[in-house]
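Asks: Mapping of the sequence shown onto numbering that gives the first Met the number 0: position 60 corresponds to residue 59, and the numbering continues sequentially without gaps.
Quick reminder that beta carbons are idealized off the backbone N, C-alpha and C, glycines included.
All values reported here derive from a predicted model rather than from experimental measurement.
If you scroll down you'll find the structure; I have some questions about it.
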Amino acid sequence: MGTKMPRARIGKVLVTGGLGFIGSWTVDKLIERDYEVVVLDNLTYQVHRGTMPKYANPKAKHIMGDIRDRELLKETIKDAEGIIHLAHR
């Protein structure tokens with residue numbers, strides 16, 4: 000049989016839109032692979048009714064905010080070593 004490759008660890012990954020259908024799956028997979036994950040999501044009322052969904056991975060740091068907020072975005076990405084952009088706007 001084969002040997003498993005060690006998991007890469009790059010530090011903090013920011014996932015915008017990380018509470019959506021694809022985003023939440025992506026967050027779960029990153030956490031399974033031992034990444035530190037920060038989620039930036041505005042909890043769109045039409046989708047989430049403004050509340051944190053039950054399926055949100057508690058191992059991720061969740062920030063409620065809009066990617067169009069330049070100051071918030073600048074602060075959120077300053078320590079990120081990777082960004083996965085899945086937010087609608």
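If you draw a straight line from the alpha carbon of L71 to that of A86, how long is it in whole angstroms?
Replies: So the two alpha carbons sit approximately 15 Å from each other.
Asks: Can the beta-carbon of L42 be found closer than 8 Å to that of M63?
Replies: Yes, the pair counts as a contact, with Cβ atoms nearer than the cut-off.
Asks: Would you call I21 buried or exposed, if buried means 16 or more other Cβ atoms sit within 10 Å of its Cβ?
Replies: With fewer than 16 other Cβ atoms within 10 Å, it is exposed.
Asks: Using the DSSP secondary-structure output, state which residues sit across from M63 in a beta bridge.
Replies: According to DSSP, which records beta bridges pairwise, M63 is partnered with D40.
Asks: Need the endpoints of the beta strand (DSSP E) that K73 sits in, please.
Replies: K73 -> not in any beta strand (DSSP E); alpha helix (DSSP H) instead, spanning R69 to I76.
Asks: For T75 and R67, I'd like the C-alpha separation in whole angstroms.
Replies: Taking the straight line from one Cα to the other gives about 12 Å.
Asks: Cα separation between A79 and D33?
Replies: So the two alpha carbons sit approximately 15 Å from each other.
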